[in-house]
Amino acid sequence: MSSIQVRPATLRDAKAIAQVHTAAALEAYRGLVPDDQLKAMSSVEKRQAYWREAIEYCEPQVQVAVDGDKIVGFVGFDRSRDAKTRPTTGEIWAIYAAPTHWSQGVGVALWDAARDGLAEEGCTTVTAWVPLRNERALRFHELAGFKREMTTAKTAIIGGVKIEEVRLKRSLN
195 MSSIQVRPAT LRDAKAIAQV HTAAALEAYR GLVPDDQLKA MSSVEKRQAY WREAIEYCEP
255 QVQVAVDGDK IVGFVGFDRS RDAKTRPTTG EIWAIYAAPT HWSQGVGVAL WDAARDGLAE
315 EGCTTVTAWV PLRNERALRF HELAGFKREM TTAKTAIIGG VKIEEVRLKR SLN
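The numbering used here puts the first residue of the sequence shown at 195, with every later residue one more than the last.
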């Protein structure tokens, strides 16, 4: 039985969320983004300000995974930000687990919480944007039932580097 609990984030969680986000992004994007750009992306302070504002205004909704009293992951979810999507389409804006807790059920617990939260909001489908070269994230989403929408592939700028992303989608039913 996993000791991971998921709860809504509070303003006090913003720094821990930023630390998880930074550590996980550095590990996830290693090899996809040049090392000097990775270093430039490692500002916990900037991420902390972003997540503090997200928590304060509930945009996106943020939940944290806690192991004991330590935050080991988070998910941000809300309505889809994509143009021309139905109001019943939700989106996983971000989902990260601390690298020390990868493959330990944190992502699944966060996905379950996001799925329940989106369903409560009346969403019937959910999407997520994932870099095409981030095989770990693609595998996670596909195991959770997401399917790639290859016609949506686009170039995003991550850490000043162009990265190809694809939207994944699944039903919430």
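All residues carry an ideal CB built from backbone N, CA and C; glycine is no exception.
Less than 8 Å between the CB atoms is what I'm expecting for residue i and residue j, so what's the real figure, rounded?
i      : j      : result
PHE268 : TYR251 : Not really, about 16 Å apart at Cβ, beyond 8 Å.
LEU226 : ARG327 : 5 Å
ALA292 : ALA218 : 6 Å
GLN231 : VAL324 : The Cβ separation is near 19 Å, so there is no contact.
GLY241 : ALA212 : For clarity, residue 241 is Arg in the given sequence; the question names Gly instead. Rounded, the Cβ-Cβ distance is 4 Å, consistent with contact.
ILE286 : ALA322 : 4 Å
THR294 : LYS363 : That belief does not hold up - the Cβ atoms of THR294 and LYS363 are roughly 30 Å apart, past 8 Å.
If you follow the alpha helix (DSSP H) that residue i is part of, which residue opens it and which one closes it?
i      : result
ALA259 : Element bounds for ALA259: not the alpha helix (DSSP H) but the beta strand (DSSP E), 255-261.
ALA222 : 208-223
ASP177 : The displayed coordinates of the chain run from 195 to 367. Any statement about residue 177 would go beyond what the structure contains.
Exposed or buried, what is residue i when buried is set at 16 or more other beta-carbons lying within 10 Å of its beta-carbon?
i      : result
MET195 : The predicted position of MET195 is uncertain, since its pLDDT is 45 and thus under 50; a value taken from the coordinates is nonetheless stated next. Label assigned to MET195: exposed.
GLU343 : exposed
ILE254 : One detail in the question is off: residue 254 reads as Pro in this sequence, not Ile. The residue is buried, with at least 16 neighbouring Cβ atoms inside 10 Å.
ILE249 : buried
ASP229 : exposed
ASP207 : buried
Would you say the beta carbon of residue i comes nearer than 7 Å to a heavy atom of the ligand NAP?
i      : result
GLN199 : Absent from the structure shown: the ligand NAP. Ligands present: none.
Residues in its own chain within less than 7 Å of residue i by CB, not counting five upstream and five downstream?
i      : result
PHE334 : GLY301
THR279 : none
Thinking C-alpha only, which one of the options is nearest residue i?
i      : options                           : result
LEU205 : ALA234, LEU362 and VAL258         : VAL258
ARG273 : VAL260, VAL256 and ALA217         : VAL256
VAL360 : ASN367, GLU336 and ALA307         : GLU336
ASP306 : VAL238, SER237 and ASN367         : ASN367
ALA203 : ALA277, CYS317, TRP245 and ARG309 : TRP245
THR283 : TRP296, GLY316 and ASP263         : GLY316
For residue i, I'd like the list of residues in its chain whose CB is within less than 8 Å of its CB, leaving aside the five on either flank, ordered along the chain.
i      : result
ALA288 : HIS215, PRO254, PHE268, VAL269 and GLY270
VAL260 : ILE198, GLN199, VAL200, ARG201 and VAL266
Quick one: give me the first and last residue of the beta strand (DSSP E) that residue i is part of.
i      : result
GLU358 : 355-365
GLN231 : First-last for GLN231: 229-234, but that is the alpha helix (DSSP H), not the beta strand (DSSP E).
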